[in-house]
Amino acid sequence: MSELPCESEPVGLFAGQHVLAELEGVSPELLDDEQFLRHALGEALTQADATVLEVVSKQFEPQGVTVLALLSESHASIHTYPEVGAVFVDVFTCGTRAKPALAVQLLAEALGAVSARTDMVSRGHRVPALVGEEKAS
1 MSELPCESEP
11 VGLFAGQHVL
21 AELEGVSPEL
31 LDDEQFLRHA
41 LGEALTQADA
51 TVLEVVSKQF
61 EPQGVTVLAL
71 LSESHASIHT
81 YPEVGAVFVD
91 VFTCGTRAKP
101 ALAVQLLAEA
111 LGAVSARTDM
121 VSRGHRVPAL
131 VGEEKAS
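Just so we're aligned: the sequence shown equals residues 1 to 137 in the UniProt record's numbering.
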């Protein structure tokens, strides 16, 4: 059994990267294809060294899809707007192993996005590791 990425991080690491993206110029057909979107998100996350635990999705009427991925490292989501050829993407990963920006890039490529606007937010900070250490008196 392989080690989960968050379990391999040092104790006390309270840090992560949150990538928010808006992809435009995407085929409306792809943005309304629930199974394709589930597969594309899962593949992008796996190739970016994230550990996908579960994927859930919802097809909306008359169009649109939301896909959520539960990761060992945190989460990812996509919310599509086929009527305007656009999608919101959100990938947050704790630790340093997974690469959320790469996941967004790979997803943009899979969708054939004409343009992508991304913002990255560093979250958390380092906390001293106290587990297994005695406090100095």
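Glycine residues also receive a C-beta, built at the ideal position from the N, C-alpha and C atoms. Predicted model, so just to flag it, every value in this text is computed and none were measured.
Check: Of all the options Ser74, Phe60, Gly42, His18, which has the alpha carbon lying nearest to the alpha carbon of Leu31?
Finding: When only C-alpha atoms are compared, the closest one is Phe60.
Next item on the list: Assign Pro100 to one of two classes, buried (16 or more other C-beta atoms within 10 Å of its C-beta) or exposed (fewer than that).
Entry: So Pro100 ends up on the buried side.
Next item on the list: Please classify Val84: is it buried, with 16 or more other beta-carbons within 10 angstroms of its beta-carbon, or exposed?
Entry: That one is exposed.
Check: With a cut-off of 8 Å, do at least 3 Cβ pairs link the segment 39-54 to the segment 13-26?
Finding: Judged by Cβ distances under 8 Å, the segment 39-54 makes no contact with the segment 13-26, as fewer than three pairs qualify.
Next item on the list: Note down the Cα distance separating Ala98 from Gly64, rounded to an integer number of angstroms.
Entry: Taking the straight line joining both Cα atoms gives about 28 Å.
Notebook entry, point to check: Hey, out of Gly124, Leu107, Arg123, whose CA is closest to Ala21's CA?
Noted result: Ranking the options by Cα distance to Ala21, first place goes to Leu107.
Note to self: Is the beta carbon of Thr93 closer than 8 Å to that of Ser77?
What the structure shows: No; because the gap between Cβ atoms is not below 8 Å, this pair is not in contact.
Notebook entry, point to check: If we call anything under 8 Å between Cβ atoms a contact, is Val87 one with Leu23?
Noted result: Between Val87 and Leu23, the C-beta gap is smaller than 8 Å, which places the two residues in contact.
Check: Do Val26 and Gly112 have their C-beta atoms within less than 8 Å of each other?
Finding: Against a cut-off of 8 Å, the Cβ pair of Gly112 and Val26 comes out as a contact.
Notebook entry, point to check: What separation, rounded to the nearest whole angstrom, lies between the Cα atoms of Thr51 and Lys58?
Noted result: Using only the alpha carbons, I get a separation of about 21 Å.
Next item on the list: Thinking Ala110 and Ala48 are a contact (beta carbons under 8 Å), I'd like their distance in whole angstroms, please.
Entry: Incorrect: roughly 12 Å between the Cβ atoms, too far for contact.
Next item on the list: Can you tell me which of Arg117, Gly95, Val114 puts its alpha carbon nearest to the alpha carbon of His125?
Entry: Restricting attention to Arg117, Gly95, Val114, the CA atom closest to the CA of His125 is found in Gly95.
Checklist line | Residue range of the alpha helix (DSSP H) that includes Glu109 | finding: Annotation: the continuous alpha helix (DSSP H) that includes Glu109 extends over 100-111.
Next item on the list: Reducing DSSP to helix, strand and coil, say where Gly25 ends up.
Entry: Gly25 falls in the coil class under three-state DSSP.
Item checked: Run of the alpha helix (DSSP H) containing Phe36, from where it starts to where it stops -> Unbroken alpha helix (DSSP H) run through Phe36: 34-47.
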